[in-house]
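What follows is a single structure, written as structure tokens, with notes after it.
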Amino acid sequence: MADTIYDVAIIGSGPAGYTAAIRAGQLGLSTALIEKDPYLGGTCLHVGCIPTKSLLFNAEVYDHVKDGDAMGLNNTAGVTPNWPTIQKRKQGIVDKHAKGLQFLMRKNKVAVIEGYGKLTGPAQGGIHTVDLEGKSGRSSIKAKNVILSTGSVARLLPGLKPDDRILTNIEVLSLNDIPKSLIVIGSGAVGVEFASIYKSFGADVTILEMLPRYVPVEDEEVSKELMRVYRKRGINGFVNAKVEKVERTKDGVVVTFTVDGKQQKIEADKVLIAVGRAPNTDNVGIEKTRIEVERGFVKTDEYMRTAEPGIYAIGDIAMGYPQLAHAGAMEGIVVVTHIAGRPVKPVNVLRIPNATYCHPEIGSVGLSEAKAKELGYDVKVGKFPFTANSRASIVGQHEGFVKIVTDAKHGEILGVHIIGPTATELIAESVVALEMECTAEDLAHIIHAHPTLSEAMLDAANAVFGMPINT
Ligand SMILES: Cc1cc2nc3c(=O)[nH]c(=O)nc-3n(C[C@H](O)[C@H](O)[C@H](O)COP(=O)(O)OP(=O)(O)OC[C@H]3O[C@@H](n4cnc5c(N)ncnc54)[C@H](O)[C@@H]3O)c2cc1C
């Protein structure tokens, strides 16, 4: 290992790092993937995307079963969740895919190195040295290019430490029992997903959001619909809520917060802190380089190059890009394709879909209506509710809508916002439409199979011209 000079050394094996490693191998670059943990996959696979979606799927199945009478299924009233089995299933999925990643590294001749990686400074004669600290002591490796993909960790409120009652995304995934009550601080994707999961499993859930609406990165109408459905589901919530204190009580927690200057307290078994994620850039040797950092995020150009030649940054640490697995993965592909000297399109932030897997699901891409107006577009909107979609009746999920935001002048689709059944799948069509610079008219000519939820896209495109077929 000491004499090898890799084409690329990647620090961190989350979706950004492992995708970069696989593609680098496919492109014939000699590649090392450095990971401090004994398994590959990062936050996404172990304590993020995958385990949450496993629990959400179980919650959805349980919700359907609870609706058994209406579905014509007998004896469903007594069905209860078997939490240990649900946890075991979740872990089985994670383990299977972690193993799959090891296979993919072998297949693509990526050298996996277990250890904590640190930059040592600028390249010497075009070669970078990365220091390693692992189980077998200290060592280093050399590479022509280094990709930093060290990911992120949950932000906590000042003075708090996670434990069995004050939870981050890590602890809340592996609770011994379903809590009777849960307070969720923060209503971004992570907050509303866990609120959805534990409400379905029977917990009394309360969301505290500092801003005036849930999922504040989404279109305002999507937030409004989510808040309406959550209220209907019995998920309590406060917006404009400023949390002042989180304290442990004898058996649980008490959270003190103010809304419009009025102080209130609520008690629960547990509290989840879901107030965003801090980039992991503190202890990786950045200070020895010319890399520029702002609030912990690494500044890059469109090819994800940092200010230090030969060092790149991707994934949750990259400034100006959303902290999403699929964004990081594509950034990884851009970097290694660029390193291999092949043509590649940089990532366009406006074409990265958002996907939130709560019930009802949310999928969106591009500009919200408000943002498009703020940018000076003459906006024309087409909106179609799932109440009028026949497949939505079949699957018994009528909440939500598809909303298409277009530029009235040229008809170009600027953004699509979906809340409702399988919104996270339906959004893929819109990403293609934006990438192909489709107009609403183009979309209205695309034949969608019947009966499908995707027909709501067709109706929304027709609604831009005031002519939806089904409303
Ligand atoms: C609860 C939850 C649910 C989520 N759900 C989704 C979702 O559904 N869809 C989605 O797109 N995104 C989701 N995300 C976000 C997603 O998990 C992240 O955007 C993604 O994991 C970022 O990938 P990454 O490769 O940048 O970093 P990470 O996945 O955080 O991986 C970084 C890796 O680097 C390693 N590392 C760090 N420092 C070093 C070092 N110095 N040396 C060696 N190794 C190091 C870490 O151990 C880790 O393995 C979710 C996040 C959470 C918390």
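With this note's numbering, the residue at position 6 of the sequence shown is 109, and numbering never jumps.
We put the CB at the ideal spot given by N, CA and C, even for glycine.
Of all alpha-carbon atoms in Ala-547, Ile-114, Glu-324, the one lying nearest the alpha-carbon of Ala-536 is that of Ala-547. Nearest neighbour of Asp-372 by Cα position, chosen from His-513, Ile-269, Asn-565, turns out to be Ile-269. In this chain, the beta strand (DSSP E) harbouring Gln-366 covers 365-371. Contact between Gly-254 and Asn-383 is confirmed by a C-beta separation of about 5 Å, below the 8 Å threshold. Secondary structure at Thr-155: helix, using DSSP grouped into helix, strand and coil. Taking the Cα of Glu-532 as reference, the smallest distance to any Cα among Ser-557, Glu-502, Ile-522, Gly-294 is reached at Ser-557. Counting along the chain, the unbroken alpha helix (DSSP H) around Ile-442 starts and ends at 428-442. Here Glu-328 is buried, its C-beta having at least 16 other C-beta atoms within 10 Å.
Residue pairing for Gln-194: DSSP places it in no beta bridge. For Ala-526, the shortest separation between its Cβ and any heavy atom of ligand 1 does not lie below 8 Å.
Just so you know, the alpha carbons of Arg-393 and Glu-411 end up roughly 5 Å apart. DSSP places Pro-488 outside any alpha helix (DSSP H); the residue lies instead in the beta strand (DSSP E), whose first and last residues are 482-488. Nearest in C-alpha terms to Arg-258, of all of Ala-381, His-167, Arg-351, Lys-483, is Ala-381.
Under the criterion of beta carbons closer than 8 Å, Ile-137 and Val-233 qualify as touching, at roughly 7 Å. The alpha carbon of Ala-201 has as its nearest neighbour, out of Thr-155, His-149, Gly-514, Glu-538, the alpha carbon of His-149. Annotation: Lys-264 to Ala-298 spans about 21 Å, alpha carbon to alpha carbon. In the DSSP annotation of this structure, the continuous segment of the alpha helix (DSSP H) that includes Ser-326 starts and ends at 323-336. Apart from sequence neighbours up to five positions away, the residues of its chain that approach Gly-171 with a beta-carbon distance below 7 Å are Thr-179, ordered along the chain. Rounded to the nearest whole angstrom, the C-alpha separation of Val-482 and Glu-434 is 31 Å. Of the residues Thr-155, Ser-284, Arg-126, Gln-366, the one whose Cα lies closest to the Cα of Val-213 is Arg-126. Only residues of its own chain outside the window of five on either side were considered, and among them Arg-268, Ile-269, Ile-286, Val-349, Glu-350, Glu-370, Ala-371, Asp-372, Lys-373, Val-374 have a CB closer than 8 Å to the CB of Val-356, listed in chain order. Remark: C-beta atoms of Ile-417 and Val-438 approach each other more closely than 9 Å. If you check the CB distance, Ala-112 and Ala-135 come in under 9 Å.
One thing to note: Gly-514 has its Cβ no nearer than 9 Å to the Cβ of Ala-563. Boundaries of the alpha helix (DSSP H) harbouring Ala-475: 472-477, taken from the DSSP string.
Membership of Ile-281 in any alpha helix (DSSP H) is not indicated, and neither H nor E is assigned to it by DSSP.
Leaving aside the five residues that flank Thr-122 on each side, the residues in its chain whose CB is nearer than 7 Å to its CB run, in chain order, Ala-432, Gly-435, Ile-436. Distances taken from the Cβ of Gln-205 to the heavy atoms of ligand 1 include none shorter than 8 Å.
Assignment of Phe-360 by DSSP, reduced to helix, strand and coil, places it in the strand class. Between Asp-322 and His-520, the C-beta spacing is below 9 Å. Around the CB of Asn-492, 16 or more other CB atoms lie within 10 Å, so the residue is classed as buried. Taking a cut-off of 8 Å on C-beta distances, the stretch 297-315 touches the stretch 336-349, as three or more cross pairs fall below it. Judged by DSSP secondary structure, Glu-217 falls within the beta strand (DSSP E) whose first and last residues are 213-217.
Rounded to the nearest whole angstrom, the C-alpha separation of Pro-187 and Gly-364 is 43 Å. Of the candidates Thr-271, Tyr-301, Ile-273, Ala-292, Tyr-301 places its Cα closest to the Cα of Lys-283.
From the listed residues Met-174, Met-422, Ala-430, the smallest Cα separation to Thr-403 is found for Met-422.
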